[in-house]
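Note that the protein sequences, when read in sequence, are chains R and E.
At position 121 of the first sequence the residue is numbered 121 (the working numbering), and the sequence of numbers has no breaks.
At position 60 of the second sequence the residue is numbered 231 (the working numbering), and the sequence of numbers has no breaks.
Idealized CB from N, CA, C, for every residue including glycine.
These numbers come from a predicted model, not from an experiment.
Take a look at the structure below.
Number of protein chains: 2
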Amino acid sequence: MTESESASVDLEIIVQGAQEGKKLELRLWLRMLSTTKLISQEIRRRLRNEFGATLPQFDLMAQLYREREGLRLGELSKRTMVTNGNVTGLVERLEADGLVLRVTPDGDRRVTVAKLTAKGETSFSAMAAAHEGWLRDMMADVDPAIVSELWRDIGAVKSSVSNHLSGTDFD
Amino acid sequence: MTESESASVDLEIIVQGAQEGKKLELRLWLRMLSTTKLISQEIRRRLRNEFGATLPQFDLMAQLYREREGLRLGELSKRTMVTNGNVTGLVERLEADGLVLRVTPDGDRRVTVAKLTAKGETSFSAMAAAHEGWLRDMMADVDPAIVSELWRDIGAVKSSVSNHLSGTDFD
DNA sequence: GGACGATATTTGAAATGTCAAAGGTTTGGA
DNA sequence: TCCAAACCTTTGACATTTCAAATATCGTCC
Chain R
1 MTESESASVD
11 LEIIVQGAQE
21 GKKLELRLWL
31 RMLSTTKLIS
41 QEIRRRLRNE
51 FGATLPQFDL
61 MAQLYREREG
71 LRLGELSKRT
81 MVTNGNVTGL
91 VERLEADGLV
101 LRVTPDGDRR
111 VTVAKLTAKG
121 ETSFSAMAAA
131 HEGWLRDMMA
141 DVDPAIVSEL
151 WRDIGAVKSS
161 VSNHLSGTDF
171 D
Chain E
172 MTESESASVD
182 LEIIVQGAQE
192 GKKLELRLWL
202 RMLSTTKLIS
212 QEIRRRLRNE
222 FGATLPQFDL
232 MAQLYREREG
242 LRLGELSKRT
252 MVTNGNVTGL
262 VERLEADGLV
272 LRVTPDGDRR
282 VTVAKLTAKG
292 ETSFSAMAAA
302 HEGWLRDMMA
312 DVDPAIVSEL
322 WRDIGAVKSS
332 VSNHLSGTDF
342 D
């Protein structure tokens, strides 16, 4: 009994080891990373060519588009996963282009709230429509059922990662 | 949890349809992107804290570690998915730290080959071992079968994206 | 052997990114 | 009241990133 069981286990180990070495998680990570880079670069190129915008600007405007009242810079920083200092510069440039407005509310003068201007909303909604289409095109060869499955399972990965962060996590 | 499975599935579908409607690909992309950012930032932090290294440096050294003869900068650029100009600066800093060496082969003086020094190999192999462990830890809550499945299905995404890139096009 | 196109890398400008430290502002006790 | 801790944003020093233009070298065609 131990003989047959251990034999099949050994075989699995051997096959896996022979074909790919080991480190399943590492291989998944490398593939996720390269795929994400590939898509990012394509989106970046198209945003640039068709709208003269950058990806970080698009991401930031996407957050503001969903919150028409505007967002504090710290909140923007969390949602875009970009550091505070970086948000400052991004908003500065967007404001210079007339796409975003900065306001300090009366209640608390430590705070700066960023908000899309009318021009910003128009500009973003055109980009968003195109952006969605690009993604559909790029993933056109993937079975929708697989897309759903990936969405779910990557959620599991994200959740696992969130629970094993070293520094100050929680949110 | 107290409800039957089919009821909760229906509910999910309804909620999903009502709240987000369509855009499955868009939602997958946003989740992939945020998950990748999360993992990247964690690795970045640990590389910095434990080894005083940066992620791009680690990535570049990883390529050189697999090619002990060294790589031309253009090849490095392709493999790391980083632009040529960027590789120049990365290699410069790594050379200043004594981790990488630059050589111009006799045959072709246009070419620069980068190669890990002994110090670079030692340094990288310590980082690589830790790096692999971090990924295993971060993904510890994900079923290995799911990890395999993700690896395969993300491969399908990557392949689809590769087939729908806008080369040099016009408007 | 000299001009030309193809290759390979570097450079320069601008934007994005991190981190740590410094600025203001509020708030909550003593 | 007053001051120290907490909060929010900006600043400053660097590293990374992209793109486009500039350099440098090779190979070839004549």
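*Please name the residue or residues paired with R/Val-103 in a DSSP beta bridge.*
Answer is R/Val-113.
*Using CA coordinates, which residue listed in R/Asp-106, R/Ala-140, R/Met-139, R/Ala-96 is at the minimum distance from R/Lys-119?*
Taking only the C-alpha atoms, the option nearest R/Lys-119 is R/Ala-96.
*asked:* I'd like to know if E/Ser-260 contacts chain R, where contact means its C-beta is closer than 9 angstroms to some C-beta of that chain.
replied: Ser is not the amino acid found at residue 260 of chain E; the sequence shown has Gly there. Not closer than 9 angstroms to any Cβ of chain R, the Cβ of E/Gly-260 fails to qualify, so no.
*State the DSSP-derived secondary structure class of R/Leu-165, mapped to helix, strand or coil.*
Reduced to three states, the DSSP call for R/Leu-165 is coil.
*Spatial neighbours of R/Phe-124 within its chain, please: CB distance less than 6 angstroms, with the 5 preceding and 5 following residues excluded, ordered by chain position.*
Around R/Phe-124: Met-61, Tyr-65.
*For the region 198 to 209 of chain E, enumerate the residues whose C-beta is nearer than 7 angstroms to any C-beta of chain R, in chain order.*
Within the region 198 to 209 of chain E, the residues whose Cβ lies closer than 7 angstroms to some Cβ of chain R are Arg-198, Leu-199, Trp-200, Arg-202, Met-203, Leu-204, Ser-205, Thr-206, Thr-207, Lys-208, Leu-209, listed in chain order.
_Short CB-CB distance (under 9 angstroms) between E/Ala-327 and chain R_ = It does; some Cβ of chain R falls within 9 angstroms.
*By a C-beta neighbour count over all protein chains shown, 10 Å radius and 16 as the cutoff for buried, is E/Asp-324 buried or exposed?*
The C-beta of E/Asp-324 has 16 or more other C-beta atoms within 10 Å across all chains shown, which makes the residue buried.
*asked:* Measuring only the C-alpha atoms, how far is E/Thr-259 from R/Leu-30?
replied: Looking at the backbone, the Cα of E/Thr-259 and that of R/Leu-30 are separated by about 23 angstroms.
_Please classify E/Ala-224 as buried or exposed, where buried requires at least 16 other C-beta atoms within 10 Å of its C-beta._
Flag for E/Ala-224 reads buried.
*Compute the Euclidean distance between the alpha carbons of R/Val-157 and R/Gln-57, then round it to the nearest angstrom.*
The alpha-carbon atoms of R/Val-157 and R/Gln-57 are separated by roughly 27 angstroms.
_9 angstroms is my cut-off, CB to CB: does E/Leu-321 come that close to chain R?_
For E/Leu-321, the answer is yes, since a Cβ of chain R falls inside 9 angstroms of its Cβ.
*Return the chain-ordered list of same chain residues with a C-beta closer than 7 angstroms to the C-beta of E/Arg-281, the five sequence neighbours on each side being excluded.*
Close CB contacts of E/Arg-281 within its chain, under the 7 angstroms cut and outside five residues either way in sequence, are absent.
*If you pair each beta-carbon of the region 36 to 44 of chain R with each one of the region 131 to 142 of chain R, do three or more pairs fall below 8 angstroms?*
Taking a contact to require three or more Cβ pairs closer than 8 angstroms, the region 36 to 44 of chain R and the region 131 to 142 of chain R qualify as touching.
*Going straight from the alpha carbon of R/Trp-151 to that of E/Pro-276, what length do you get?*
Between R/Trp-151 and E/Pro-276, the alpha-carbon positions lie close to 48 angstroms from each other.
_Taking 8 angstroms as the cut-off, is the C-beta of R/Asp-59 nearer than that to any heavy atom in the ligand MG?_
Among the ligands in the structure shown, none appear at all, so the ligand MG cannot be discussed.
*From R/Ile-182 to E/Lys-249, what does the alpha carbon distance come to, in whole angstroms?*
With chain R running from 1 to 171 in the structure shown, residue 182 of chain R is simply not present.
*Based on the DSSP secondary-structure assignment, which residues constitute the bridge partners of R/Arg-72?*
In the DSSP output, where bridge partners are listed per residue, R/Arg-72 has R/Val-113.
*Nearest-angstrom Cα distance between E/Glu-196 and E/Ser-337?*
Taking the straight line joining both Cα atoms gives about 18 angstroms.
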